[in-house]
Structures are given as C-alpha cells and as structure tokens.
Amino acid sequence: MIVANARYTELQRTELRVLVELASEITAHNWSMRTFIHHNILHGLEYLGFEEAIQRGQQLIGARGYLPNELYRTYFRQGRIRPDHVEAALQPLAQDTHVTIGGRRVTHLEVLRAHLVQGISAPAGETLEALFAGAPKRDLLNTPADRLRGVLTLPSVEARMQAAVNGDLAALGHHVTLAGWCDRVLGTQLWARINEVMIKWCAAFLDEGQATWAMPHREETFYRAWKRLAIQDRSCFLLGISDWRQKLADLPDQPEDAILDSLAALGLPNPLWQDYCSLHLAALFGWAGFIKWRAERPEPVSAQWAKAYPMDLVQYLAVRLWYEREFVYKACREDLGIEGTYGAICGYIHREPGAYFLRRERVAGNLPARYARQVDRLRDGWPTRGIEAWQALARRYAADSCDQDHRIALQSAAWRLVALAKALAIESATLLDSAPSDLKTLLDWLEAFPESQHGLRWLMALEAGYQETLLAQLMANARKLKGPKEEEAGVESNRLPVVRPQAQVVFCIDVRSEVYRRHLEEIGHYETLGFPGFFICFIRYRAFGSRHEVESFPVIMKCRNVAREIPRSYHGEILPRHRAGAQLVRTGHTLLHDLKAHVITPYVMVESLGWFYSLPFFGKTLFPVQDKKASAWLKRLFAPRVSTTLTVDKLSKSDAEEMMAAEQRAIIRRALRERLGLHGSQISPELVEASRLWALDEYGSAEPVLGRPSRLLDLSVEKEAAFIEDLREHYRIERGWAAARIDRITQMGLTLDEQAFTVETALRILGLTRIFARLVLLCAHTSTSDNNPFEAALDCGACGGNEGKPNARLFAAMANKAKVREQLAKHGIEIPQDTYFIAGQVDTATDEVELFDLEDVPPTHRKDVSHLLQDLKEMSRLTSQERCSRLPGVGTETEARKSLRNVSRHVRRRSADWSQVRPEWGLSRNAAFIIGSRRLTRGLNLEGRTFMNNYSYLDDPTARLLEILMTAPQVVGQWINMEHYFSTVDNDIYGSGSKVYHNVVGRISIMFGTQSDLRIGLAWQTVMNGEQPYHEPMRMLTIVEAPLEPISLLIQRHPVLQHFYDGRWVHLVAVDPEELTFHRYIPKQGWQKLNGPAAGGNWSFYPWHELASSGRTGVKGVE
Amino acid sequence: MAAVKELIVDPVLTLTAIPLLGAGIGVLLWSRPRTLKAWALFLTAALVVVAVTAGTADGDAAIAPLSWLLILASFLAVFGQDPYMEAPSSIVLTLLFLGLSLGTLASGGALGIIFFSVMLGVIGLAMVWHGRTTSPMVWGAVALCGIGVLCLVASLAASGSVAVVLRLVAFATALPLFPLHGVFVGALSHLPGSLPAFLAVALPSLGVHGVVSISAAVPAGILPSLLLLALIGALYGSLKALVQCHLGQMVAYLAVTLLAIPWWHMAVTAGKMPQAAGYVSAVAVAMGGLLLAGHFVQARYGHLDLDKLRGLARPMPRFATLFGLLIMAAMGLPLFGVFSAFMAMMFSSSTTLPQSIVVILLVWFMASWLLVMLMQRILFGQPRPDLLYRDLSQTEVLSLVLVLCLLALGGIVPAGLFQLGDPAALSFLEVNR
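Chains as they are written, first to last, in numbering that gives the first Met the number 0: chain A, 0 to 1118; chain B, 0 to 432.
Right, dumping it as structure tokens:
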C-alpha cells in the first residue's frame, strides 16, 4: 500500500479546501431541526438548470427527480392532467412522419402519446419469459416476435461486455468510488460500512446535549478527537483494519494532509478529486449538509456548539477517506490480489474484462443460477483463480447467453408492439400483416423516448394545467378592472379602496395566509395585505426567561440588532414569583431528566415515580386538549404570567455606559457585603465608585486612591488589592467584560433612523402610503403541535423558522411612535393620528389569532379592537372549516359534518394530540408567488396555494423595492417550493420518510431508527396523502405586477434570477400594471404576450417553446 | 389372483390407484392445461373425501393423518398451480407422486419399498426430463436417487441390521440428512411449477414414516454417527441457505436445516422418535407453503435473483401479508403447528438433553433469522420499476390461506395424532423375518 509521506505546503492545503468547497455544492445546508428552513435541496446546483441538476442529483445521490410515471398517469386518469397539455408537451418531440399498421395511419405523435400515457415498456427479461410462458394467447406475442427476427439487430454478448467494461471504466472515480466499485464487483458492503462508522462518529461529536455521556476531546476538533479515540476503538479490528493503532498514530495532524494522503494512497488522478469528494459528501447527504451549515452559518445555539467543538467538511472527508482507503486496500488485496488503487483497478478491468464482467453480473444478480455457482467457485479460488478459467467461463457464458438474449430481445419487442397496438386501439392481429420495417420504426420511436424521459413531459403537462387555471382567474379579474364599472366598485385605479377600510391586516406572504385573507375580506370591509412575516425587522430576539437568542429574520440575511422581551415596569411582586416559579419548574425538569439519565437512578425511578407518568400519559393520549390546558394552568400556578414589552429603542453609547456603571455599582455593593462583610452606611458611594474605577483600571499606573474610605475600615493594602482582584475575576468588573457588555447593550433595539427606515420601507413595499385604516394589524404566524421534531417547519420561514410574534410587536411599536411618524411624514407618508398599529399572531394549526400589547391600545380604539377580535374569530372558524375539508382523518362524511360543526375543537385537538402525524398541511400544494396588488386576486379562491406579496410599482419608481422582493421573498418562496417538490418526488432520499420511524439524534435532527443519514426534507405525511401526493410537485410560477423593463433589468443584474428563470427553476409571468396584459418570460429569450382565451380562443399559457432546446420545434411567437 | 383381488378391494390401495389413473388421464389432457387442472382438482378433492371416509372407517390409524396430509398437499399444489406456467408437467407429476406416496404409505412391506423406489426413480427422471441437466446439483440429485433406489432394492434382499441401515440411507434422501440431502434439495428447486410445494410435504412425510418404522431396529452403534450427521447437516443447511440467491433453493436448504432436528432427536433418544412425524409434517407444510408462494412469484416475474426481487410489500399487499404469516409459522412462532410440534417433540423425551441441543437451538435461531431475512429481502425496499406487479388472485390467496389454516390446525391437533407407532414398524420388520 502506498502512503505518501510528503509534507504538504499551505498552498496545497488551501487548494484542497477550495476543492472541497466546490465538491460540496451537491450538499445543501441542512439546518438544525430547531430552525427548520425550507430550502432547495439542490441549491448548490442551481447554476446548472433544473433538468441538469436533477440528472446530477440522480448520478450522485441516486435520487429521482420526477414523480414515478405511474403517479403522473394516475393524475391523467383523474383528469388532473389534461390530454391537450400532454399533446402540447410532446409536440416538440414529434416528427412529421407516420407508418401504416393494418391500414391505419399511425403518426409519431400518437406513438409518443400512447407511450407516455400507457407506459409501453417491456418488463425485465426473466419476467418477460414468465409472462410469455403464462400468456393465454401466446401466439399473439410469439408471431410478432418471429416477424421481427430479420429486422432487429442486436449487439453481441461480447459487445455488451465490452460496452459495460468501457462504461464502468469511464464512471470509476467520476460516478463510482473505489469502495462502491468493490461493492459492485466483489459483493462487499464497504460503502455501507464506511457510512456506519461515519454516522457513529458524527452523531457522537455533533451531539448538542442529548447524550448523557458526551464524547471526550471534542474541543480538539472532530478530526483530532476521532484520531485520538479511534486508536482505542477496537471496532477497527472488527472491521478488519490491520495494525490500526499504528496507522492512526501515523496520520498527519492536519486533516487536509490526511485527505491528500488518502487520495494519494487511493492513486486517484488529480482531475478526479473534485468528483470523488462530491461522491463521498453525497453518500451521507444529510450529515454532510448539517456539517456544512454548522461550519458556515449556524443559528445561535448551534453556533455555540460549533465554536466549542469545531468540525467542517474537510475533517469529515479526512476521516471518511481514511476508512475507504483501508477497506478498499483489504478487499482488493484479498479478493483480487491487487493494490486497492485506481490504477490497479483500471489495470485489472483491462487485463481481465471477462472475469470482471462475470463478477459484476454475479453481484448484480443477472447471472443464471448455474453460472452464478461457477462464478462463486472461481471467486473462492476453486479449482483455480487463474485468468484462463475465468476467460473460458466468460466465453461459455457469451455463447450460451447469445440465444437467450436474442430471444428476450424479440419477446420484449413483441410485448411492446402488442401493448402499443392495444393503446392505439388497433387489433393485435393486424400487427401480423404489417411490414417488419414498419414494426421496427414503431419500436425505434418507442426506444427513442424511454420512460426515464417521461418525467419532464409529465411535469410540464401538470404545470400547464395549474398555471392555465390560475392565469385564467387572474385575467378574468384584470378584465373586470379594465371594465367601465371600475369606479362604481369603489376601486381606485391602482390599489386601494377609496373608502377607508374597517381595518388593514397585514399577513405573511405564506400560502396559508391566502385562506385567512379571503375569509376576512368576506366577513367585513377589511383590506388585507401580504408581506414577509418578519416585517423587515432584522432582529435577534431573546424571549423573557430564555437563555438564548433566536435569529428572527430570513436565513439568507445577517443582522446585529437585538430585541429583548422584558417585563413591563409596573410588575411588582409578581415578577420575583414568576422568576422563582420558572426556576423551580426548570430545576424540576432537570432533576427528572438527570434521574432518568443517570446510571443507577432509573431503576429506582421506574419503581417510585413510574406511576406518576401514567397521568400525563393518559391525559395526553385520551384528553389532549384538556391535558394541555391543565399543564398550562399548572405552569401559571408556579410562574404567574408576566406582561412584557420589547426593547425598541437603541441606547446611545453614553447611556449604555451609564447603565453599565449602574449595574457594576450594584454588583460591587453585593461584593462588599459578601467579601468584606460591610453593610449599611459602611458602603459609601465613594467607596463603591473608587472600587469600580480601580477594578476597571481607570487609574492606570498611578498610585491607587482607593485609600481613604477603605483605610477607614482598616484594610491593609494587600487586602485592598486582593479585593479588587476578586472583583475582576469573580464579579466580572473589568474593562474587557464591560466593553463587551456595552457592545451588547448598544446592539439592543434600533435607532430612530433605523426604525423610520424600517417602517417606511415596509409601507412602501406594501403600497400602504395613502389611505390608512384606524387599525392596522400586523399578523405574524406560528404553529403549535406536540411530539413533532419538525414543528419549526410549520413556523414562519421568513423569521428563520421561528414564530413571527416579536417582529410584529416590534414593528407595531415602531410604527406607533410619534417621532417615527414625523420622519415618515417628511418622506411623504402621512399616517393619520387615529391610525393605530397592533401586533397579532395566528396559529396555523389551531387558526386562533392572538393580539399582543393590548394594554397599550388607546381607549379611543377599544371598540375597533373588539370588533376586529370578533371578526378574527369568525375568520378562524371559516378557515378551520375549509382546512378540515382537506385534512385526512376527519373521517366519513357524517363524521366530517360533525367535525365541521366543531371545527375549532377539532383543529385544537389535532394541534395538541401527540400521536397526530399531520397537525396541519403546512405549505403543501404551494405552486405560485404573486408580487402585486390585491386587486388582481381579490375575490378569488386560490386554495391556499399562492404566496402573495403586496407591491405597488407606483411607490417604487426605481424598482429598488421590486429588486428586494425578487431577490429575497421570492428566493424563500422558491426554496419552500423546491423543498416540497423534491420531498414529494423522492421522499426516501430528498424527503425524510415516514414520521413513524423518526428518531431525534443529538437534538440536531432526525434519523431513521438508530442509524441512518440525517433526514433532510419533509416527512411523508407532510406531502403525501396515502399513496397519492397531496402536494402536487411543480415548479413555482412567479407573477409580478410591474412594467416589463425593470423586471428585465433585474434579471440581467442578478445571477440568482437568471438561474431561476433561464435555468427553469421558476416560471415567470409579468402583468403590465397599466394595460393589465400578461407576458410570459421565455428562458434566455424574452417576453411573450399571452392572449387570454376570450381574445384569442386557441391560446397556450405554457412556454412550450422552451422545449425547443431539447425538442425539434423552433421558437415562435416571442415578442 | 386372490392377492390381486384383495388389492383391488383394499380401500387404501384403491386410494393409491386413483391418482395414478388420474395422472394417466392427465397425460391425455396435456394440451389443455385448464381442463387438466380442473380434472386434477376434482380428483384430489374427491380423494380428500374418500381418504377421510376410508381412513376413519377401515384405514390404518397411524398412517391416515399422513395420507390426508399428502392428499391435502396435492390438492393445494394443484389449486395453486398457475394454469400456464409449466402446468401440465407439474399437475401430472403431482398426481403421479401422490399415487406413489399413498402407495408407499398404504402398502407397507415389500410393496411399500417398491413404491418408494419407483418414486425416487421418477424424481430423478423428472429432473433430467425437465431439462435442468446443466446444473451439477441435478446430476448429484439423480445420483443420490440411484443410490436410494439401489439401497431399497438391496434391502429387500438383505436382512437384519444391514437391511435397516440400507433403508435408513434410502429414507435419508427423503427426510434430508447430510450428505444425502441432494434429492430433496434438487426436487424442491429443479422441478416444475407447484410440484416442489407438494414434494416438500411428500418426501419428508415418507421419509419420517420410513425412519420411524425402522427406528426401533436401528443399531445403537450408528446413532452417534447420525447425531454427528444431523448436526453437520443442520449447520451446513443454514450456511448454504445464507448464500442462496433463489427462493426455491433457499427454502430447500432451510428445510434441510429444520429437518435435521428429527434426526438429531432420534440419535439422542436412542432410536425413538415420538412426535417427530408431527414436527416433520408441520415443517414440511410450512416449507410447502413458502414454495407455493415462491411459485406465485415465479409465475409473475420468472427466476429472479432474491436481490433483484424486492419491495413486494407495497404493490402486492395480499402476498406480503400471507407470506409474512407463512414466515412466522415456519420460524416457529406460537399459534402455528411448527411451534407446538417442536415443543411436543422436545418435551416428549424423558432423556436428559445433551449439550448438542445448544447447536440445535443455535441452528434454529439461525434458520429463524434467515427466514426473517428472506422476508425482508422480498417484501421491503424500493419496488423495481421494470416489473409488472400483480397481486395474488383469489385462487392463490385461498391456497395460501388454506396452508396457513393447516398450519394453525397443526398447532391445536392432539399431540398423538401424528405419532407413528409400532404397526408400521412391524410391517417393515415383518418383511425381514
């Protein structure tokens, strides 16, 4: 075995780090489950375009990029995909040619359509033989097969062998690792074994407090901790690694060096390195994604762990590649007698192609039993390992297989022809009268359009159906707006109702908001608006009583401002009671947890306290809602509820210093009592101040002047010095700490300018600059469920997977400030005196709305609030009713009616039920993103499938705000859309499988059972309804109501938008706000005006032209 | 002439003649598989009725349950036979082997030996005729059939211990004992259609019947050798099953493993085999059921490698449920006959259990593990896109349900029902006096 011992330069290490960075593009960031963020799982490949990225994903991860064809066919049978859309999707592939079968003209398009709709593929060879043997009318199959005998040309077995060998040689290192090659050819399980050991080490190292017995030496980094512990780990012996202790001890200190060593030991040529690393990173896609995220941009809690226990993909690969090189070396040496290197393996394939082919086919299960046994014997060295024996066997196999292969090929062709005839409603018998060349043509057409290419066509047909319906609805609305009754309807030319609405309610752009908005508008004279749920308040938020901050803004942004939730100043006695009670509850939890996790105590615990758990167990199971209420009541009993507010204003530096000084003085007073036993009048302000300044080293090198006051107490100089040192060390009264504290204090809140800017930007994006209602409700959202590790996935994505309450409260507080309004007025936004902003939050699982800070509402608005609360309640009920009709498990019709009468109770129960795998559908079925005014969508039932962000081009002459919307909220929308798409099309790989098997690991994420990759996407129950997808996987359609020119400019300016639209990740339609005409963006070409059905009759919504690149039709009709 | 007359009026031998006659008529229906199947079903169903009546009224109480079992097994094998997949040969051979099996059981003595010899011979010929001669396993099985026949014929001429040993060798080809298990494995993995499902029941039944009949006369000197061979056989079978890639062969080797246990039991109980027939019957039915299920899969997907045949649970839920239950029965879970028969066999012995029971228990666990593995490999994982999945038809479901009922019935029948006693043994021994 060759091990390069050369030392590497820093340049080589840097190059390697860059290479790993590039290789990791296949792995998207995988957020911790605390802040589950919907994201495009193939985000790193967006530059490739949708189809290419899917192919790459298939190569590296083996994941499917489209739904199984059978599911699309089910959609087709159900009418969800329409025949005309299927035909249109196939049109670009169709040639203008035909054949005649039994007197009937059969066109190329007909054959393609039949193939797509019926799936005219022959089954596997063995199955086919069984089917032929078992077919009642086998002559109908055998006769066409006979007719094809002369026209079908089949490659010989030797040619097939050579093609397989050449293909495998080309794939080695690019698509197949050496360990993977061993598995395929030698029947080993190296890849699985590497994964197993990596999961073991990663789970132990990345644990964030779940493990009772934490992995030691983690502070030394993953690579070093592994190196140190693996030496003592005897599993290396069990894994067959000889002399592992020495090998591990000889490993370099730097992980980069270890990777370079391993790549050299595996003999991989430099050009393969990147692909090779990609293959390794794709092997445990979820773990690699989590490590990548943790190393680059973790949320605050994980950041602390990441800082304490560093790990990155370089270290991960260093360990992984070491195992691979050892395993491959052993397997190749023992089974083939060659070095476990790339060169040696290639040499073996070239030298012994026959043996290689037979081994490979044996492992794949493609050999008949008699050959399998002979291969096994040769493989085991009996009677000989000689190359001649292998070659002889290969020759014999080739000779024997020739006839069988030919027979199967003919049977396969005949099977397909008969199936095609049936699909085209042609008598099978007529095939016998047709010319063999015509039959061959039909087969060639089928061959050229294999089932693996059907997915994209089906997807396009599916998308066309939805998009056509949506755009037709919008166009109908647009036509109404252009009509003469516009003024009578009380609609201003652009956006706002002329009459001041009862209230304006701003919801998140989330698809779930569409339902709330629709119902609220039905109830009363409300104007609803859509805006990202973080209300552009970029804050890190720390809740009252919490020890950690959460990042309450989109994960693609950064911020420094902190908002803290603090008790209101009028709380007197309750606050200490609350704190003591909360502490008691925390201590109780910790105690119980420790008792359960300790080595000895669980045995006693089960006997003594086990019965106690039966109460919550039965309560949670049988009476979830009541149990939840009882728990909340009990908690309030211990820790009474405290009314809170947020820190809105930022302190100036001098104010912060003064606040800091006051805190320090209080601490010093305590220290004087505790350390020196002083009390009362003995602690003079002078003494405190002098001590503070001395501890902060304000005197510099001058003689300390603490002197007089303390000397009065007869303290010696040494005792004085010791006390000051104590203040610095134990009470943190020192300059560095103080500076950090002041920095933190100055991060808290926002300056007046920042507040005014935030409010103004938000209002301008919303187009809410002229007519304000008396109440403006900012309605954030959250979701409550029990026993749901992916609860964060149902929270607000714009708030980083958290609830949006703090942002709404902060925004309302800022918008209500007189000084902010003064500044807004200077910029042309006059908010009336009687307009009051109020914060609220809707729980999307229970549909209940809660309003916050009601004690601040002026008495003049009491009735408005009361009225609003009533209507919100009605909105909740109507929404619950609509949601219940879609939720599975509501049961039979009678039960559904019963449930619908008590919808609120039903959804509350779902939310509290710990066995409920589907508390709500979340963002499933999302399909479109509308950036524009509400006038386009008002009155439409969009079925909760559209993100809706208000935008008024009139308030954005420079398109700066549109730029923000298209590059931020739309990106989040696309992430959500793609997360759902991929989780649906291949839930086993891109999704996270069934919730039933989910197992929380390390408090970071989910595994299947005790050992698996981290599950990255959405659960089966989130996107599937039984065996059928609930979420219809399709790419997002973005509709922007803005002039075409600025949109085009933005696309030119932003690569992310080019990737989206030109790479076909997102479809784009623009609505001219003046003309109210619709234009579709054709990738890389420009705009095409869409004529509505009323105007043109025969019109197409879908950009079939984009198929031109893969099809044969030219581009037409592009303006 | 009188003997012939006696034979004709003997209801049991009449029972033997009917399937043979049926097989003869079946040859005439060779080109019409559906009619042939209907005919065979009618015949076997009628036999069930006749057997129960005859067995109760006049038959030998010791062999009657085995006869019923064979007839039921043949009925189920014919019932589950795919009407097109190798149906004529499978059905005709099933009837033929049923006749020969019943003849072996019913006639006893020299005639029984002759029937059994013919059966072994026909199995060898069927394997050669069925065209799987390229497999070395077939030639090995044919050779062992020849050895079995020779031993049986020689035993007619020999007497005393020699005759007993010769017969023991012959019966060890049917109730598989290492290294004579080749006939059993070959028959279960290389014969057409659902015939292996029948033979999985017939061969061990005949084997155990024969062994029990001579067990009292087995020389004590060869018992240690039997013990050793049983243990080797059990281990060998489980190891061979581990590396098999086809359902039939894997089930055959699992059967070799599980059927080594009665041999071990016979060795440690000094030639007595109380309850062994019950255990053998239960295992044989379970294995027959698995082979029948395998036939259904094979009729749909051909001779697929086990690694290529996966994910059937989702597209074939009916098959998955029944197959899972069969696996549970075969691995000896309670409520099924294998469990109760195994327990009855183990507890019926008054001798102290020797250390070799550790090996037997280990082998039992291993066989159970392999059965679960088999279930996992076939039922779970991603279904293949290039297979045309089709769940079991009602007929197929019914045949597997009947197998399960039979197994469940085995769990509640009286322990003594399959206890083969002295009468048969005497009949064999009488030949040599």
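No residue lacks a Cβ here, since even glycine has one placed at the ideal position from N, Cα and C. Here the structure is a predicted model, which means the values were calculated and not measured.
Look at the stretch 290-313 of chain B: the residues with a C-beta under 7 Å from a C-beta of chain A are Gln-297, Ala-298, Arg-299, Tyr-300, Gly-301, His-302, Leu-303, Asp-304, Asp-306, Lys-307.
The criterion of a C-beta distance shorter than 7 Å is satisfied by Leu-225(B) and Ala-266(B). Contact annotation: Leu-14(B) and Ala-50(B) have beta-carbon atoms nearer than 7 Å. Less than 7 Å divides the Cβ of Tyr-1080(A) from the Cβ of Leu-1067(A). Taking the Cα of Phe-289(A) as reference, the smallest distance to any Cα among Leu-271(A), Tyr-275(A), Ile-337(A), Pro-309(A) is reached at Pro-309(A). Note: Asp-648(A) is bridge-paired with Leu-749(A) in the DSSP secondary-structure output. Listed in chain order, the alpha helix (DSSP H) runs fully inside the stretch 392-455 of chain A are 435-447, counting runs of at least 4 residues. In the structure shown, the three-state DSSP call for Arg-499(A) is coil. With 16 or more neighbouring CB atoms inside 10 Å of its own CB, Asp-852(A) falls in the buried class. Ranked by Cα distance from Ala-811(A), the first of Tyr-996(A), Asp-145(A), Phe-533(A), Phe-617(A) is Phe-533(A). Leu-386, Leu-387: these are the residues of the stretch 386-404 of chain B whose beta carbon lies less than 9 Å from some beta carbon of chain A, given in chain order. The count of Cβ pairs closer than 8 Å, one atom from the stretch 364-371 of chain B and one from the stretch 320-333 of chain B, reaches three, so the stretches are in contact. Unbroken alpha helix (DSSP H) runs of no fewer than 4 residues, entirely contained in the stretch 1052-1087 of chain A, are found at 1054-1061, following chain order.
The count of Cβ pairs closer than 8 Å, one atom from the stretch 777-796 of chain A and one from the stretch 832-849 of chain A, reaches three, so the stretches are in contact. For Gln-393(B), the closest alpha carbon among the candidates Gln-80(B), Thr-43(B), Leu-99(B), Phe-197(B) is that of Gln-80(B). Boundaries of the beta strand (DSSP E) harbouring Leu-1036(A): 1035-1040, taken from the DSSP string.
Within the stretch 83-99 of chain B, Tyr-83, Met-84, Glu-85 place their CB atoms closer than 8 Å to a CB of chain A, listed in sequence order. The three-state reading of DSSP puts Asp-842(A) in strand, counting E and B together. Look at Glu-564(A): its C-beta is not under 7 Å from any C-beta on chain B. Interface with chain A (7 Å Cβ-Cβ cutoff): His-245(B) is included. Assignment of Glu-662(A) by DSSP, reduced to helix, strand and coil, places it in the helix class.
Judged by their CB atoms, Pro-178(B) and Leu-258(B) are not nearer to each other than the 7 Å cut-off. Not one beta carbon of chain B lies nearer than 7 Å to the beta carbon of Thr-1009(A). Residue Glu-298(A) holds the alpha-carbon nearest to the alpha-carbon of Arg-33(A) among Leu-70(A), Phe-49(A), Glu-298(A). Contact check between the stretch 912-923 of chain A and the stretch 543-553 of chain A: fewer than three CB pairs, one atom from each, fall below 8 Å, which does not count as touching. The shortest C-alpha to C-alpha distance from Ala-163(A) to any of Glu-360(A), Gln-77(A), His-174(A) is the one to Glu-360(A).
According to the DSSP assignment, Met-947(A) belongs to the beta strand (DSSP E) that extends over 945-948.
Here Asn-801(A) carries a strand assignment [DSSP, helix/strand/coil]. Annotation for Ser-241(A): no beta strand (DSSP E) segment contains it, and DSSP assigns it neither H nor E. Put simply, of Asp-95(A), Gln-472(A), Ala-422(A) the residue whose alpha carbon is nearest the alpha carbon of Glu-942(A) is Gln-472(A).
Gly-380(A) carries a coil assignment under DSSP once its states are collapsed to helix, strand and coil. Going by DSSP, Phe-115(B) is part of no beta strand (DSSP E) but of the alpha helix (DSSP H) stretching over 108-128.
Listed by position along chain B, the residues whose Cβ is nearer than 7 Å to that of Pro-122(A) are Asp-385, Leu-386, Leu-387. At a cut-off of 7 Å between C-beta atoms, Glu-919(A) does not count as an interface residue with respect to chain B. Relative to the Cα of Ala-737(A), the nearest Cα in the group Lys-634(A), Ala-660(A), Ile-25(A) belongs to Ala-660(A). Closer than 7 Å to the CB of Glu-125(A) there is at least one CB belonging to chain B.
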